[in-house]
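S.K.: Protein sequences, first through last, are from chains A and B. Its first residue numbered 428, the first sequence is counted upward by one per residue in this note's numbering. Its first residue numbered 27, the second sequence is counted upward by one per residue in this note's numbering. Before we start, here is the structure in question, set down as structure tokens.
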Amino acid sequence: MSNSQLNRLKDLAFKIFAIFCTSVGLIVLVVLLYVVISQGLSRIDWDFITNLPSRSAERSGIYTALFGMIWVLVLTILISFPVGVCAGIYLQEYGKKGFLTNFIEINISNLAGVPSIIYGILGLELFGRLLHLGNSILAGSLTLSLLILPLIIVSTREAVKAVPKSLREASYGLGATKWQTIWNVVLPSSFGGIMTGLILAISRAIGETAPLIVVGALVYVPFVPSSPMDEFTVLPSQIFNWVTRPQAGFVTNAAAAIIILLTFTFMMNGIAVIIRNRFNKKTKF
Amino acid sequence: MVKVKEKAIEGFLIFCSLITVFTTLGIIIVLATETIKFFSEVSIIEFFTGTEWTPLFANKKFGILPLVCGTLLTTLIAISVALPLGLTIAVYLNEYANQKFTAIVKPLLEVLAAIPTVVYGFFALTFVTPLLQQFIPDLSGFNALSAGLVMGIMIIPYISSLSEDALRAVPKSLREAAYGMGSTKLQTAFRVMVPAASSGIVVSIILAISRAIGETMIVAVAAGQEPKFTFNPLTSIETITTYIVQVSMGDVPQNSLEYRTIFSAGMALFIFTFLLNNISFWIKKKFQQKYE
Numbered sequence: 428m429s430n431s432q433l434n435r436l437k438d439l440a441f442k443i444f445a446i447f448c449t450s451v452g453l454i455v456l457v458v459l460l461y462v463v464i465s466q467g468l469s470r471i472d473w474d475f476i477t478n479l480p481s482r483s484a485e486r487s488g489i490y491t492a493l494f495g496m497i498w499v500l501v502l503t504i505l506i507s508f509p510v511g512v513c514a515g516i517y518l519q520e521y522g523k524k525g526f527l528t529n530f531i532e533i534n535i536s537n538l539a540g541v542p543s544i545i546y547g548i549l550g551l552e553l554f555g556r557l558l559h560l561g562n563s564i565l566a567g568s569l570t571l572s573l574l575i576l577p578l579i580i581v582s583t584r585e586a587v588k589a590v591p592k593s594l595r596e597a598s599y600g601l602g603a604t605k606w607q608t609i610w611n612v613v614l615p616s617s618f619g620g621i622m623t624g625l626i627l628a629i630s631r632a633i634g635e636t637a638p639l640i641v642v643g644a645l646v647y648v649p650f651v652p653s654s655p656m657d658e659f660t661v662l663p664s665q666i667f668n669w670v671t672r673p674q675a676g677f678v679t680n681a682a683a684a685i686i687i688l689l690t691f692t693f694m695m696n697g698i699a700v701i702i703r704n705r706f707n708k709k710t711k712f
Numbered sequence: 027m028v029k030v031k032e033k034a035i036e037g038f039l040i041f042c043s044l045i046t047v048f049t050t051l052g053i054i055i056v057l058a059t060e061t062i063k064f065f066s067e068v069s070i071i072e073f074f075t076g077t078e079w080t081p082l083f084a085n086k087k088f089g090i091l092p093l094v095c096g097t098l099l100t101t102l103i104a105i106s107v108a109l110p111l112g113l114t115i116a117v118y119l120n121e122y123a124n125q126k127f128t129a130i131v132k133p134l135l136e137v138l139a140a141i142p143t144v145v146y147g148f149f150a151l152t153f154v155t156p157l158l159q160q161f162i163p164d165l166s167g168f169n170a171l172s173a174g175l176v177m178g179i180m181i182i183p184y185i186s187s188l189s190e191d192a193l194r195a196v197p198k199s200l201r202e203a204a205y206g207m208g209s210t211k212l213q214t215a216f217r218v219m220v221p222a223a224s225s226g227i228v229v230s231i232i233l234a235i236s237r238a239i240g241e242t243m244i245v246a247v248a249a250g251q252e253p254k255f256t257f258n259p260l261t262s263i264e265t266i267t268t269y270i271v272q273v274s275m276g277d278v279p280q281n282s283l284e285y286r287t288i289f290s291a292g293m294a295l296f297i298f299t300f301l302l303n304n305i306s307f308w309i310k311k312k313f314q315q316k317y318e
């Protein structure tokens, strides 16, 4: 066999291997979804959604976990969205290439790499003990807010960066101040990008389990929280609890709860994609 | 008046971005103060060299090596899955596949990273472990192997997507020069493109490693809670992150020595990932090739 034939053969072999590798990832994804759906789908009914947690697997439901999750998400959005967007705007629009901006940038990329459970430890000490919030919804939301802040800041910066200079200059030319320009010109035209980033960050927050467990999301909460100071549980920690129980019925519950959790996650990601596409089409600079 | 308002707004914006700095400071201060209190009761030498970790038992031993060992073991398994798969996928998508295929497959693979990790834990415990037990009869119900394998699948997109981005940033002229010399696609990919994109690829691998070290729910569900100083992937082990979860779920009294162990374990975890992040940051800065 000549050298070039051998090389061509190697090329083909790699191609086959690569297709195999790509399919491994996708096949695992399909198998995972199949395993979850085949085990859990038949368990989902109205009772499963509206029942309180219980000692018996058949009577358990996700009502408190669902409401806990909604409470945590709403508060997390309220806290992290304004702070994250403001920080992103500052770094992109005001921050001069100086020591402070540089330092904040390095710091943010570092924070994005800190394991989520470390945020849980911070939340436990800072919000739980120092601010006496205990294991309340507020403590959990503040912790998650710090966790997703770097994501929001980075995506806000990207969105703001994409607004062309000419738009800003036109606004300055009309006599607008810096903030007026940002508020009336930059923010509206980068709205799609900012929203996409926010939704992806929220989708991350939905799935986070470890930091909330450390802060003290309880596993058994027999009531629906009615204020931010109440104790709470969320869907992922309810799943964690059910998975670790030996009785078979709870594993089915876990699979059913996972279907609902994944529905939320995929819905969020889908919405993000739709918003991105729509605004990309609409805003032509 | 307008000027005052502008200044006030700018001040508020600065404050918002400083919150991230306070977060880092907060993490370091919280971990450091509790760790210092911990070391006033436990010898540092025992902590770093002891091979038994039993803070929750009557006979307390505080050697962190078993936890570090468990963490490294699962990370090692995960990387040995994700690195070959991820890198091959990246090269394939960049060099061989047509754009339409890439546009569909890349986001589909990224779904792997969007799935909550507790779901992977469920998958590892209830599907992968029983499946592996068919082939390896002495695999225990909780084990490092299936947790590591599943974690490896989870971090594939970190390597494949980021490496693909790095490969795509290599200018076309380099590839065309290689083709012009008569190279096959495979030779072009591994002798020209991969070396040219090496800094970006290394950064993606480090990110994946740091992700695997800090991963919590997969190992907490599927790898067990038995700190063991072993590199045998078939037995139940415990990682640093699992230990923190285990203590948080139990009813350890606050301000006790047992309670402080989660801060010293957290400190070890934080230092690991902090070092990795800074290495990747440094590589990005230092070795990033600028093509004109």
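Every residue gets a Cβ at the ideal spot worked out from N, C-alpha and C, and that includes glycine. Please read these numbers as outputs of a predicted model, since none were measured by experiment.
1) Please state whether the Cβ-Cβ distance between T785(A) and S630(A) is less than 8 Å.
2) How big is the Cα-Cα spacing for V218(B) and A116(B)?
3) Is there a Cβ from chain A that is less than 8 Å from the Cβ of M219(B)?
4) Would you mind stating whether L98(B) and A170(B) have Cβ atoms separated by less than 8 Å?
5) For the alpha helix (DSSP H) that contains M275(B), what are its first and last residues?
6) Taking only the alpha-carbon atoms, compute the straight-line gap between D164(B) and K63(B) and give it to the nearest angstrom.
7) Determine the chain B residues that contact I437(A) at a beta-carbon separation under 8 Å, and present them in chain order.
8) So, at 6 Å on beta carbons, what are the nonlocal neighbours of V651(A) in its own chain, with the 5 sequence-adjacent residues on each side left out?
9) Quick check on M656(A): buried or exposed, where buried means 16 or more other Cβ atoms within 10 Å of its Cβ?
10) Per DSSP, which one or two residues make a beta bridge with S563(A)?
11) Under the assumption that V28(B) contacts T477(A) (Cβ atoms under 8 Å), give the Cβ distance between them as a whole number of angstroms.
12) Under 7 Å Cβ-Cβ, which residues of chain B neighbour E552(A)?
13) What residues in the stretch 69-88 of chain B bring their beta carbon closer than 9 Å to a beta carbon of chain A?
14) Would you call V30(B) buried or exposed, if buried means 16 or more other Cβ atoms sit within 10 Å of its Cβ?
15) For a test of the three-state rule: what should DSSP assign to V678(A), helix, strand or coil?
16) Need the endpoints of the alpha helix (DSSP H) that Y521(A) sits in, please.
17) Would you mind working out which of L460(A), G452(A), C448(A) and L518(A) sits nearest L44(B), comparing C-alpha positions?
18) Excluding five sequence neighbours on each side, which residues of the same chain lie with their C-beta closer than 7 Å to the C-beta of R201(B)?
19) Return the bridge partner residues of W79(B) from the DSSP annotation.
20) Please confirm if the stretch 298-313 of chain B is in contact with the stretch 119-131 of chain B, defined as three or more CB-CB distances below 8 Å between the two stretches.
21) Under 7 Å between beta-carbons, which chain B residues line up against F444(A)? List them in chain order, please.
22) Suppose contacts are defined by Cβ-Cβ distances below 8 Å. Is A234(B) in contact with V196(B) by that definition?
23) Following the continuous alpha helix (DSSP H) through L645(A), name the residue where it begins and the one where it ends.
24) Where do the N-terminal and C-terminal ends of the alpha helix (DSSP H) with Y184(B) fall, by residue?
25) Check whether the Cβ of Y521(A) lies closer than 8 Å to any Cβ atom in chain B.
26) Given T287(B), which residues of its chain have a CB within under 8 Å of its CB, disregarding the five upstream and five downstream residues?
27) Quick one: any contact between the stretch 450-470 of chain A and the stretch 620-640 of chain A, if contact means 3 or more CB pairs under 8 Å?
28) At which residue ranges does the stretch 235-262 of chain B contain complete alpha helix (DSSP H) runs of 4 or more residues, listed in the order of the chain?
29) Does DSSP put Q280(B) in a helix, a strand or coil?
30) Just verifying my parser: in three-state terms, what is the DSSP assignment at I227(B)?
31) For L456(A), go through chain B and note every residue whose CB falls closer than 9 Å to its CB, in chain order.
32) Is the beta carbon of I244(B) less than 8 Å from the beta carbon of V176(B)?
33) Nearest-angstrom Cα distance between E67(B) and L283(B)?
34) Using beta-carbon positions only, say whether A291(B) and L93(B) come within less than 8 Å of one another.
35) Just checking: is the beta-carbon of I702(A) within a distance shorter than 8 Å of some beta-carbon in chain B?
36) Got a sec: which bits of the stretch 595-606 of chain A sit with their beta carbon under 7 Å from any beta carbon on chain B, in order along the chain?
M.R.: To lay it out plainly:
1) Examination of residue 785(A) is not possible in this model, given that chain A is present from 428 through 712 alone.
2) Approximately 14 Å, taken between the alpha carbons.
3) With 8 Å as the cut-off, M219(B) does not count as an interface residue toward chain A.
4) No, the pair does not count as a contact, with Cβ atoms beyond the cut-off.
5) Residues I266 to M275.
6) The alpha-carbon atoms of D164(B) and K63(B) are separated by roughly 42 Å.
7) A small fix is needed here, since residue 437(A) is Lys in this sequence, not Ile. Going along chain B in sequence order, the residues near K437(A) (Cβ under 8 Å) are T210 and L212.
8) T491 and F494, listed in sequence order.
9) Note on M656(A): under 16 other CB atoms within 10 angstroms of its CB, so exposed under the neighbour-count rule.
10) Bridge partners of S563(A) according to DSSP: E658(A).
11) The pair is not a contact, with the Cβ atoms about 55 Å apart (cut-off 8 Å).
12) Going along chain B in sequence order, the residues near E552(A) (Cβ under 7 Å) are V56.
13) Here the close residues number zero.
14) With a threshold of 16 other beta carbon atoms within 10 Å, V30(B) falls short and is exposed.
15) The three-state secondary structure of V678(A), taken from DSSP, is helix.
16) Y521(A) -> no alpha helix (DSSP H), and no H or E assigned at all.
17) The residue with the shortest Cα to Cα distance from L44(B) is L518(A).
18) Correct list, in chain order: T214, V218 and M219.
19) Partner(s): F88(B).
20) Taking one beta carbon from each stretch, the stretch 298-313 of chain B and the stretch 119-131 of chain B have fewer than 3 pairs nearer than 8 Å; the two do not touch.
21) Chain B residues near F444(A): T114.
22) No.
23) From DSSP, L645(A) is part of no alpha helix (DSSP H); its letter is neither H nor E.
24) Note, Y184(B): alpha helix (DSSP H), A170 to R194.
25) For Y521(A), the closest Cβ of chain B is nearer than 8 Å.
26) Close CB contacts of T287(B) within its chain, under the 8 Å cut and outside five residues either way in sequence, are with F64, P81, F88, Y269 and V273 (chain order).
27) Taking a cut-off of 8 Å for Cβ pairs, the stretch 450-470 of chain A and the stretch 620-640 of chain A do not touch, as fewer than three such pairs fall below it.
28) Segments of the alpha helix (DSSP H) lying fully in the stretch 235-262 of chain B: 243-248.
29) Note: Q280(B) maps to coil in three-state DSSP.
30) The answer is helix: DSSP assigns I227(B) an H, G or I state.
31) Here the neighbours are L134, L135, V137, L138, I141 and I179.
32) Yes, these two residues count as a Cβ contact at 8 Å.
33) Separation of E67(B) and L283(B) (C-alpha to C-alpha, rounded to the nearest whole angstrom) is 8 Å.
34) Closer than 8 Å, so yes.
35) No - not a single Cβ of chain B is within 8 Å of the one on I702(A).
36) Cβ contacts with chain B: T604, K605 and W606.
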